[in-house]
Amino acid sequence: MSTTTSEALSETTLLRFATAGSVDDGKSTLVGRLLHDSKSVLTDQLEAVERASTARGQEGPDLALLTDGLRAEREQGITIDVAYRYFATAKRRFILADTPGHVQYTRNMVTGASTAELTVILIDARNGVVEQTRRHAALAALLRVPHVVLAVNKMDLVDYQESVFAAIAEEFTAYATELGVPEVTAIPISALAGDNVVEPSANMDWYGGPTVLEHLETVPVTHDLSHCHARLPVQYVIRPQTAEHPDYRGYAGQIAAGSFHVGEAVTVLPSGHASKIAGIDLLGQSVDVAWTTQSVTVLLEDDIDISRGDLIVPSKDAPPTTQDIEATVCHVADAPLTVGHRVLLKHGTRTVKAIVKDIPSRLTLDDLSLHPHPGQLVANDIGRVKIRTAEPLPVDSYADSRRTGSFILIDPSDGTTLTAGMVGESFASPEPVKDAAEDDGWDF
Numbered sequence: 037m038s039t040t041t042s043e044a045l046s047e048t049t050l051l052r053f054a055t056a057g058s059v060d061d062g063k064s065t066l067v068g069r070l071l072h073d074s075k076s077v078l079t080d081q082l083e084a085v086e087r088a089s090t091a092r093g094q095e096g097p098d099l100a101l102l103t104d105g106l107r108a109e110r111e112q113g114i115t116i117d118v119a120y121r122y123f124a125t126a127k128r129r130f131i132l133a134d135t136p137g138h139v140q141y142t143r144n145m146v147t148g149a150s151t152a153e154l155t156v157i158l159i160d161a162r163n164g165v166v167e168q169t170r171r172h173a174a175l176a177a178l179l180r181v182p183h184v185v186l187a188v189n190k191m192d193l194v195d196y197q198e199s200v201f202a203a204i205a206e207e208f209t210a211y212a213t214e215l216g217v218p219e220v221t222a223i224p225i226s227a228l229a230g231d232n233v234v235e236p237s238a239n240m241d242w243y244g245g246p247t248v249l250e251h252l253e254t255v256p257v258t259h260d261l262s263h264c265h266a267r268l269p270v271q272y273v274i275r276p277q278t279a280e281h282p283d284y285r286g287y288a289g290q291i292a293a294g295s296f297h298v299g300e301a302v303t304v305l306p307s308g309h310a311s312k313i314a315g316i317d318l319l320g321q322s323v324d325v326a327w328t329t330q331s332v333t334v335l336l337e338d339d340i341d342i343s344r345g346d347l348i349v350p351s352k353d354a355p356p357t358t359q360d361i362e363a364t365v366c367h368v369a370d371a372p373l374t375v376g377h378r379v380l381l382k383h384g385t386r387t388v389k390a391i392v393k394d395i396p397s398r399l400t401l402d403d404l405s406l407h408p409h410p411g412q413l414v415a416n417d418i419g420r421v422k423i424r425t426a427e428p429l430p431v432d433s434y435a436d437s438r439r440t441g442s443f444i445l446i447d448p449s450d451g452t453t454l455t456a457g458m459v460g461e462s463f464a465s466p467e468p469v470k471d472a473a474e475d476d477g478w479d480f
């Protein structure tokens with residue numbers, strides 16, 4: 037890569053986005069078209085796809101094979117796993133997650149979209165808005181993805197009719213707005229033919245909006261975590277105890293959100309001890325300020341008992357600590373999550389014992405109805421849970437911080453990830469479900 041190109045890329049922003057849609061709506065083909073037409077495919081990769089396509093009796097290269105990396109996916113022609121791809125243009129760098137369309141892989145979409153700033157939801161123009169479309173829109177709203185692109189695909193199969201696109205866009209936008217999705221951009225495309233993916237379509241002169249790539253390159257990245265509540269989960273305590281550094285005591289970790297500066301008053305949670313930042317080390321150098329995603333070592337003015345799992349926060353902006361957490365969760369394990377289930381809860385770098393006190397409701401994504409007190413959640417279920425932890429945790433609301441408002445539940449017997457959780461209210465339950473039952477019988 038030339039110096040000019042490197043300098044140009046260093047000045048671009050990073051956009052994380054995910055694709056979702058029903059089976060055979062063309063997600064992988066869209067991603068393949070993006071990679072191919074933006075010239076982000078290596079020659080040997082394209083040659084491998086051409087050979088595989090020829091072996092399957094296809095006349096041209098099947099661009100979906102650029103993302104359907106698993107052998108089972110290539111044989112079945114579907115996407116099973118979440119395929120991550122990295123590419124860049126002169127304007128922006130991208131990390132994309134191509135997620136499965138099957139209902140039984142809902143948990144995979146949750147994984148792929150949990151860190152996305154934008155989700156591309158595909159619809160087959162022949163089928164319109166279907167059950168799985170509503171499911172994916174609901175998940176995007178639940179995960180609070182800031183931007184949603186509705187890509188009405190296979191317009192070539194409906195003769196590029198504007199009326200077909202307009203009807204689908206109107207129906208989807210109305211549903212997404214009801215869910216609380218802040219922004220929907222509808223684009224008519226043909227991923228197979230390349231219409232409005234990277235290059236404008238000559239077949240749809242009635243459409244005057246951006247192509248998919250143009251929108252991806254220009255959508256405002258408003259997720260800037262450097263302006264969020266400052267949070268530093270402590271990952272490691274550094275004490276060299278050498279002749280050169282006999283009294284050095286630093287607290288290392290990656291800043292999850294916000295920024296910290298030398299001299300700032302901070303509080304260590306959950307203990308609540310206060311101090312001031314005496315120094316910040318970054319890549320072996322002392323700096324005055326550090327911000328989100330940087331891995332730093334913080335030195336404090338006072339000698340405080342701090343260990344892995346503690347959270348350093350500004351004293352003026354400290355989250356509350358609690359042992360009772362209400363959250364919306366997506367259950368990802370094959371074994372069900374039940375009331376009374378003993379689990380480990382991992383929040384940031386801290387892992388504590390916990391008990392599932394109650395499962396007030398399970399969400400039906402088809403019509404957003406709530407099934408009260410289901411007793412358990414099975415794989416791919418989304419519901420509300422109440423959890424009691426053995427130790428107090430400093431948690432933010434997921435609406436305020438997707439990084440420090442999320443957690444996972446782990447099976448203590450084998451380390452399996454059971455559930456992904458989002459603290460606070462879900463879009464479908466604006467009022468918390470109250471439980472009048474007493475807490476008798478709980479261990480902590």
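Residue numbering for the sequence shown follows this note's numbering, beginning at 37 and increasing consecutively. The C-beta atom is built at its ideal place from N, Cα and C for all residues, glycine as well.
In this structure, the CA atom of ARG386 is about 16 Å from the CA atom of THR303. Under the Cβ criterion (8 Å, minimum of three pairs), the stretch 305-313 counts as touching the stretch 322-342. Judged by DSSP secondary structure, GLU300 falls outside any beta strand (DSSP E); it is assigned neither H nor E.
Under DSSP, TRP327 shares a beta bridge with SER295. In this model, ILE159 and ARG171 are separated by some 12 Å (Cα to Cα). Per the coordinates, the alpha-carbon of PHE208 lies some 11 Å from the alpha-carbon of VAL217. A Cβ-Cβ distance of about 4 Å is found for the pair VAL379 and LEU445, placing them in contact under the 8 Å criterion. For ALA288, the closest alpha carbon among the candidates GLU280, PRO282, PRO276 is that of PRO276.
With a threshold of 16 other beta carbon atoms within 10 Å, GLU198 falls short and is exposed. The alpha-carbon separation between ILE418 and PHE123 amounts to approximately 32 Å. For ALA288, there is no enclosing alpha helix (DSSP H); the residue is part of the beta strand (DSSP E) that begins and ends at 286-290.
Per DSSP, ASP73 lies in no beta strand (DSSP E); the unbroken alpha helix (DSSP H) holding it starts and ends at 63-73.
Per the C-alpha coordinates, the member of GLY57, THR364, PRO224, PRO182 positioned closest to VAL200 is PRO224. Just so you know, the alpha carbons of GLU253 and VAL234 end up roughly 11 Å apart.
With a threshold of 16 other beta carbon atoms within 10 Å, PRO350 meets it and is buried. Nearest in C-alpha terms to THR455, of all of HIS383, SER433, ALA435, VAL257, is HIS383. Around the beta-carbon of GLN321, fewer than 16 other beta-carbon atoms lie within 10 Å, marking it exposed. Per DSSP, TYR211 is one residue of the alpha helix (DSSP H) stretching across 198-215. Each residue's CA atom was taken as its position, placing LEU186 and ALA354 some 38 Å apart.
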